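Before any comments, here is the structure.
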Amino acid sequence: MGGLTHMRRSEALKIDVSRYNGTDEDSLLRWFVKLDDAIWDRHILGDEMQVTSALSNLTGRAKTWNLGLKLHDPNVFESSDILKSRLKETFEPPRAEFRARSALLRLKRGKRDVHAYAQHLRYLASSVTENPVDEQTIIIVFIYGLVDGPVKTYVFREDFHAL
Numbered sequence: 001m002g003g004l005t006h007m008r009r010s011e012a013l014k015i016d017v018s019r020y021n022g023t024d025e026d027s028l029l030r031w032f033v034k035l036d037d038a039i040w041d042r043h044i045l046g047d048e049m050q051v052t053s054a055l056s057n058l059t060g061r062a063k064t065w066n067l068g069l070k071l072h073d074p075n076v077f078e079s080s081d082i083l084k085s086r087l088k089e090t091f092e093p094p095r096a097e098f099r100a101r102s103a104l105l106r107l108k109r110g111k112r113d114v115h116a117y118a119q120h121l122r123y124l125a126s127s128v129t130e131n132p133v134d135e136q137t138i139i140i141v142f143i144y145g146l147v148d149g150p151v152k153t154y155v156f157r158e159d160f161h162a163l
């Protein structure tokens with residue numbers, strides 16, 4: 001008998017996007033990033049399909065808000081950019097960029113381990129989108145937020161480009 005044939009089984013790629021409900025605990029910016037990743041991974045190209053995909057992941061206050069707008073105008077969201085800007089206007093806390101920037105600039109490590117401290121710093125830096133904080137400022141905040149000790153000594157002696 002001849003050679004063996006191998007059949008590949010196609011498996012569906014499951015890409016979950018967390019649901020956004022419009023509460024203060026939810027990060028709208030983080031939800032936008034996850035949503036954009038899912039849209040990219042699913043190869044959703046048309047604006048109408050992108051808006052539909054985004055709206056299907058709304059719950060709670062955000063879903064109620066969406067339904068209220070759609071009752072008056074079914075085509076209220078012509079593109080995903082319009083949807084995102086309306087969501088930001090409605091659900092993003094006032095002066096969110098200012099709050100994120102000030103939290104970033106006064107950040108201290110405290111009792112966090114270095115990895116958690118760095119992750120929190122990255123999260124705050126990614127929350128500032130209009131006038132992003134430059135990389136050198138982030139490094140300086142990171143270094144001065146460290147507790148005196150061997151980690152701070154090591155990092156302080158490193159070249160900024162190595163970090």
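So the sequence shown is numbered by UniProt numbering: it starts at 1 and just counts up by one.
All C-beta atoms in this analysis are idealised placements derived from N, C-alpha and C, irrespective of residue type, glycine included.
Every value quoted in this text rests on a predicted model; they were computed, and no experiment measured them.
{"Check": "Buried or exposed: where does TYR20 fall if 16 or more other Cβ atoms within 10 Å of its Cβ makes it buried?", "Outcome": "buried"}
{"Check": "If you draw a straight line from the alpha carbon of HIS43 to that of TYR144, how long is it in whole angstroms?", "Outcome": "43 Å"}
{"Check": "May I ask you to report which of helix, strand or coil DSSP gives LEU146?", "Outcome": "coil"}
{"Check": "What does a CB cutoff of less than 8 Å around ALA118 pick up in its chain, not counting 5 residues either side in sequence?", "Outcome": "PHE142"}
{"Check": "For the putative contact between ASP47 and SER18, defined by C-beta atoms under 8 Å, what is the C-beta separation to the nearest angstrom?", "Outcome": "That pair is no contact at about 22 Å."}
{"Check": "For the alpha helix (DSSP H) holding LEU104, just list the boundary residues, first then last.", "Outcome": "96-105"}
{"Check": "Straight-line CA distance for LYS88 to LEU124?", "Outcome": "17 Å"}
{"Check": "Grouping DSSP H, G and I as helix and E and B as strand, with all else coil, what is LEU58?", "Outcome": "strand"}
{"Check": "Between the beta-carbon of VAL51 and the beta-carbon of PHE91, is there less than 7 Å?", "Outcome": "no"}
{"Check": "Nearest by alpha-carbon distance to ARG101: which of ASP37, VAL114 and HIS120 is it?", "Outcome": "HIS120"}
{"Check": "Cutting at 7 Å between CB atoms, please list the residues of its own chain near LYS108, excluding the five before and the five after it.", "Outcome": "GLY145"}
{"Check": "Flag this pair as yes or no: are the beta carbons of GLY22 and ARG86 separated by less than 7 Å?", "Outcome": "no"}
{"Check": "Return the chain-ordered list of same chain residues with a C-beta closer than 7 Å to the C-beta of LYS84, the five sequence neighbours on each side being excluded.", "Outcome": "PHE32"}
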